[in-house]
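Chains as they are written, first to last, in the numbering used here: chain X, 1 to 344; chain R, 1001 to 1319.
Spelled out as structure tokens, the structure:
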């Protein structure tokens, strides 16, 4: 599992975080929030590279696909420049936090998520319907090394029919795990299973950090309340894509507040990229991305031309970062939601 | 708003409303048994008009089972931020409008699935906390008392989740009793329950080339190259290269059995008792035209389509 976790979350995550810090150097975002967002965004960027590789170059050898992903993050890390220093600053800040009693609960909470992840890894294989659909489709991608748009995602070799309507990001996570670690399927895809508690923890960490800006103990009460809903328990324990898309949506809302008051292309572009990352995971995030774009252009500061420019920047970033799947699927593929939908 | 005071009795009333709502929801409104409700609506907890509104259309705020008890408190804050944002700050208005329209879209089109409403949960909860904090700042509530208010909110949330746990324990007991009552009897290979899915299928004689009608169970394909026909009994759709087609609605049971066995070369059906219950005609088809041959892990049931006289009057080849 570490063979996938270490490169993806640690190496690619730190590179993405450092790049975001560099890109948002003059924004009012705290470094740690961007670094968290970077860690959460890295697996989505991995699947973005795979998506384009498998779509544009069907039949690509496994080694080339891995190379494309690694090359992308090497470039990202190289472009991060001074952003890497943010990690050093964060570690220094964390050293001082050990004297802060309000942080002890957060440390306990983090430990709890780690124990949960290990226990789940050892005792709970994939059994739920939806995630198995994504897993099987991910395996089809891995076998064919190709993404095609067609009215029906029917696999003639096995009779499997992919009923999902969403972007291919989540199945491609299985593809990525299989590329790096071919035995993953025999162990019930441990890396993808870890993503559920991992993203639930990222939600807690993001919420905790943002609420600490109001007050140290305010953050403690907020996180206690956050964990007090049955839905959150399911979010962290039932293998699914929800933790991932909800973390990304929370990031989108925070970025939107930034973009409203400081609508620079870098911020609006990042907003579009994070929206697209969520849309790659689930259709609902694609629909919400449209609402985010509308709210942004309606409420941002500036005249009509500036708003149009922002809408264009947001739309382009969204499409290039994977949102293009939806128009292509509507016109060349399954028709997305514009057909009779069968609910499961 | 400045100059007003946070009155203890008013806050106690809000908490009492929360407690009463939680009690009514889990003890009276949320059913423990399906009864005459549609199975799908019962499973989705939207089987009555009240539940359709609470858990469906207004799910992001009032689905107390999934979202907790605090989200409805965000409604006045969202209206406040949208209509008259604090300090005229557009960011508050943006969050207010985005959450309201997102909740509207999710409630209207995705309210049947609590997971969709949960998308907004961290943001809505943040709105509740930040709104409460902002109000307490306006009202100059002393810092210690602010913490008491936040602590009481958290206590309310945990009261609700404890009611939720009690409800789920009761529902689980009933489900267990009913499952024991309706469990298939007299099956030789019940030891398969301890095996992995693929191991169990191998043991049941399902080889790589054996075609199986699979009732919405992707585990059939997971980690193995098997041949199946993707089917969903809930809508009676059989999925093939040309898309979905109805299996039982346009055929008699005999015709369906012949179609599966002769045209598609399929002699086996993989399902679970629960999933079979979604199809009005699927369960009778299993009972009348199939024999249960093995019970497996994850409540899987493997059926074999019984031998039938062929339409021409002689038995088909695979007997």
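The C-beta atom is built at its ideal place from N, Cα and C for all residues, glycine as well.
- Query: Expressed to the nearest angstrom, what Euclidean distance is found between the alpha-carbon atoms of residue 1317 of chain R and residue 149 of chain X?
  - Reply: Bear in mind that a pLDDT of 40 at residue 1317 of chain R, under 50, signals an unreliable position, so the model cannot answer this.
- Query: Of all the options R:1097, R:1299, R:1069, R:1273, which has the alpha carbon lying nearest to the alpha carbon of residue 1081 of chain R?
  - Reply: R:1097
- Item | Sub-8 Å separation of residue 193 of chain X and residue 121 of chain X beta-carbons | yes
- Task: Classify residue 338 of chain X as buried or exposed, calling it buried when 16 or more other Cβ atoms lie within 10 Å of its own Cβ.
- Result: So residue 338 of chain X ends up on the exposed side.
- Can you name, in chain order, every residue of its own chain whose Cβ lies under 8 Å from the Cβ of residue 238 of chain X, other than the five neighbours on each side? If we look at residue 238 of chain X and ignore the five residues flanking it on each side, its Cβ neighbours are 128, 196.
- Which of the residues in the segment 232-246 of chain X, read from start to end, lie with their CB under 9 Å from any CB of chain R? 232, 233, 234, 235, 240, 242, 245, 246
- Message: With distance defined between alpha-carbon atoms, name the residue in X:293, X:305, X:135, X:93 nearest to residue 259 of chain X.
- Response: X:293
- Going straight from the alpha carbon of residue 252 of chain X to that of residue 1129 of chain R, what length do you get? 19 Å
- Please confirm if the segment 324-338 of chain X is in contact with the segment 60-72 of chain X, defined as three or more CB-CB distances below 8 Å between the two stretches. no
- Task: Rounded to whole angstroms, what's the CA-CA distance from residue 100 of chain X to residue 225 of chain X? Just pull it up for me.
- Result: 21 Å
- So which residues of chain X does residue 1235 of chain R contact, with C-beta pairs closer than 7 Å? What residue 1235 of chain R touches in chain X: 342.
- Task: Specify whether the segment 1115-1133 of chain R and the segment 325-332 of chain X touch according to this definition: at least 3 beta carbon pairs, one from each stretch, less than 8 Å apart.
- Result: no
- Item | Per-residue contacts from residue 132 of chain X into chain R (C-beta, under 7 Å) | 1218, 1219, 1222
- Helix, strand or coil for residue 1224 of chain R per DSSP? Three-state result, residue 1224 of chain R: coil.
- Item | C-beta atoms of residue 4 of chain X and residue 185 of chain X nearer than 8 Å | no
- Task: Could you list the residues in the segment 1086-1119 of chain R with a C-beta less than 9 Å from some C-beta on chain X, going in chain order?
- Result: Residues 1089, 1090, 1091, 1092, 1093, 1094, 1095, 1097, 1098, 1099, 1101, 1102, 1105, 1106, 1109, 1110, 1112, 1113, 1114, 1115, 1116, 1117, 1118, 1119.
- Counting along the chain, where does the alpha helix (DSSP H) carrying residue 51 of chain X start and finish? 31-56
- Message: Counting only Cβ pairs nearer than 9 Å, list the residues of chain R close to residue 151 of chain X.
- Response: 1242, 1243
- Item | Three-state secondary structure (DSSP) of residue 1263 of chain R | helix
- Classify residue 213 of chain X as helix, strand or coil using the three-state DSSP reduction. coil
- Item | Partners in chain X for residue 1230 of chain R, counting only beta-carbon separations shorter than 7 Å | 159, 160, 161
- When you compare only the Cα positions, how much space is there between residue 48 of chain X and residue 1195 of chain R? In this model, residue 48 of chain X and residue 1195 of chain R are separated by some 37 Å (Cα to Cα).
- Task: Taking only the alpha-carbon atoms, compute the straight-line gap between residue 1205 of chain R and residue 1198 of chain R and give it to the nearest angstrom.
- Result: 11 Å
- Task: Please list, in chain order, all residues of the same chain as residue 256 of chain X whose beta carbon is under 8 Å from its beta carbon, the five residues on each side excluded.
- Result: 271, 292, 295, 296
- Residue-chain proximity (residue 335 of chain X, chain R), Cβ-Cβ < 8 Å: Output row for residue 335 of chain X: interface = no.
- Message: For residue 1240 of chain R and residue 276 of chain X, I'd like the C-alpha separation in whole angstroms.
- Response: 31 Å
- Task: Would you mind reading off the limits of the beta strand (DSSP E) that contains residue 1303 of chain R?
- Result: 1300-1305
- Query: Of the choices X:219, X:76, X:318, X:8, whose alpha-carbon is the least far from that of residue 104 of chain X?
  - Reply: The closest CA to that of residue 104 of chain X, considering only X:219, X:76, X:318, X:8, is found on X:219.
- Item | Backbone secondary structure at residue 125 of chain X - three-state DSSP | coil
- Along the chain, where does the alpha helix (DSSP H) that runs through residue 1024 of chain R open and close? 1008-1024
- Can you check the segment 51-135 of chain X for any alpha helix (DSSP H) of at least 4 residues that lies completely inside it and give the ranges in chain order? 62-80, 85-97, 102-123
- Query: If the cut is a Cβ gap below 8 Å, which residues of chain R does residue 292 of chain X touch?
  - Reply: 1098
- Examine the Cβ distances between the segment 297-304 of chain X and the segment 21-28 of chain X and report whether three or more of them are shorter than 8 Å. Contact between the segment 297-304 of chain X and the segment 21-28 of chain X is absent, with fewer than three C-beta pairs closer than 8 Å.
- Please classify residue 155 of chain X: is it buried, with 16 or more other beta-carbons within 10 angstroms of its beta-carbon, or exposed? buried
- Query: Are there 16 or more other CB atoms within 10 angstroms of the CB of residue 82 of chain X, so buried, or fewer, so exposed?
  - Reply: exposed
- Message: Using a Cβ-Cβ distance cut-off of 8 Å, determine whether residue 168 of chain X contacts chain R.
- Response: no
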